[in-house]
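A short worksheet on the structure shown next.
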Amino acid sequence: MVSGREWIVILVLAVAAICVPLFGDTFYTKFATRIVIYGMAALAVDILLGYAGLVSFGHAAFFGIGAYATGMLIDAGLVSGFLVLPLAVLCAAASAVVIGALSLRTSGLYFIMITLAFAQMIYYLAQSLQSYGGSDGFSLATRVTLGGALDLNSAVSFYYLCLGLLAAIMFFCARFLRAEFGVVLRGSRDNAVRIEAVGFPPYRYKIVAFGISGAIAGMAGALMANLNQYVAPLGMMNWEISGDLLVMVILGSAGTLLGPIIGAAVFLLITEILGGLTSHWMLIFGPLLVLRVLLVKDGLYGPLRKALAR
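Sequential numbering of the sequence shown, starting at 0, is according to numbering that gives the first Met the number 0.
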């Protein structure tokens with residue numbers, strides 16, 4: 000449950016996010032949009048990692064499927080966001096259910112490797128699509144439209160759309176993770192044998208969680224395709240995307256809704272700052288991440304959450 004003090008923190012962060020466009024600089028608005036989108040994708044990973052205890056190294060596939068579905072639909076002349084975004088999410092969710100149904104037959108290191116294998120298969124499949132640029136990818140002629148409700152070619156309008164979708168996804172996740180579904184999911188993480196003994200099949204619940212997680216990652220990919228107006232395998236589907244998302248979750252705090260978003264913000268801020276200082280920024284970021292794991296075991300949001308709950 001979220002404490003009253005924690006709601007105050009969420010409210011403050013929400014107000015700060017809403018006020019970003021007031022700075023008047025398009026760079027800050029677009030950078031904040033990236034944080035929102037990657038925060039959404041990190042939240043998708045955390046549903047499996049933090050609540051189901053599943054380390055997926057294949058979420059770049061669902062992120063990329065959402066992006067490619069969006070690009071292909073726009074290329075075919077479909078630009079209505081009310082059609083394109085749900086279809087992109089549906090493609091990612093369907094892929095996640097199929098991959099999850101096979102991957103969940105394994106566990107531990109084998110689960111990690113099979114999710115990575117599926118992601119790499121989809122990555123190479125995208126590279127083989129010569130009609131869509133192959134390994135070079137392809138550009139989008141326009142962003143999706145919302146029937147005149149918002150001008151999504153405006154950086155500010157598109158930012159608020161992404162922010163609103165993130166808020167809606169967080170609300171949805173908070174509801175179903177507090178319900179029986181979330182209790183069974185956490186129970187299967189801690190003791191799957193006991194959960195099955197009392198009549199709840201963990202496998203089915205995990206498949207549903209996998210599908211929901213894939214759908215959220217697909218939405219993030221669809222929004223990223225619209226933000227960049229460009230889709231390519233290397234920037235959307237390569238295994239490094241999966242690794243970055245896992246780092247964001249670990250950096251922020253696994254098993255919380257706000258932690259992955261904070262982790263995404265910190266990760267992107269650090270990479271932006273260090274990347275501006277040196278091309279070897281990973282040599283600095285790596286030790287910082289190790290120190291986080293050694294000194295702050297609950298993530299950046301974990302200690303704050305515990306302090307607020309007192």
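Glycine included, C-beta positions come from ideal geometry on N, C-alpha and C.
Span of the alpha helix (DSSP H) around residue i
i	result
S252	Where S252 is concerned, there is no enclosing alpha helix (DSSP H), given that its DSSP letter is neither H nor E.
M169	154 to 177
V265	258 to 276
K29	25 to 48
D74	58 to 74
G107	107 to 126
C-beta contact flag for residue i and residue j at 8 Å
i	j	result
H58	V78	no
I240	G251	no
T69	N225	yes
L233	I36	no
A13	R188	no
F137	S94	no
A41	V248	yes
A208	I46	yes
A264	L48	no
Y300	T255	yes
G298	G262	yes
I113	T105	yes
S127	F117	no
V230	Y204	no
V96	I206	yes
W280	L287	no
L162	G80	no
I9	L257	yes
F56	I111	yes
V310	V143	Any property of residue 310 remains undetermined from this structure, which presents the chain solely from 0 to 309.
L160	L149	yes
Residue i (DSSP reduced to helix, strand or coil)
i	result
V230	strand
I141	In the sequence as presented, Ile is not what sits at residue 141; that position holds Thr. In the structure shown, T141 sits in coil (DSSP, three-state: anything other than H, G, I, E or B).
N237	coil
P286	helix
C90	helix
P85	helix
G220	helix
L303	helix
M0	Because the pLDDT at M0 is just 48, under 50, the model does not fix this residue reliably, and the point stays unresolved.
V54	coil
F199	coil
L184	helix
D189	helix
K296	coil
C18	coil
L10	helix
D135	helix
L151	coil
R291	helix
L103	coil
Sheet register partners of residue i (DSSP bridge)
i	result
S322	Beyond the ends of the chain as shown, which are 0 and 309, falls residue 322; an answer cannot be given.
Check: residue i C-beta below 7 Å from any heavy atom of the ligand NAP
i	result
G251	In the structure on display, the ligand NAP does not appear, and there are no ligands present to speak of.
Same chain only: Cβ atoms within 6 Å of residue i, ignoring 5 sequence neighbours per side
i	result
I73	L139
M0	At M0, the pLDDT of 48 sits below 50, so the modelled position is not reliable; the number obtained from the coordinates is stated separately. No residues qualify anywhere along the chain.
S212	A43, I46, L47
Y131	F137
Contacts around residue i, its chain only, beta-carbon distance under 7 Å, and the 5 residues preceding and following it disregarded
i	result
M39	L165, I168, I215, M218, A219
A342	Residue 342 falls outside the range modelled here, since the chain spans only 0 to 309, and no answer is possible.
E195	P201
P20	T28, V155, Y158
L86	A68, L72
L310	There is simply no residue 310 to check, as the chain begins at 0 and stops at 309 in what is shown.
Residues near residue i by beta carbon distance below 8 Å, same chain, minus five either side
i	result
I121	A60, G63, I64, S94, M236
T277	I283
T141	I73, V78, N152, Q228
S134	Q126, A231, P232, L233
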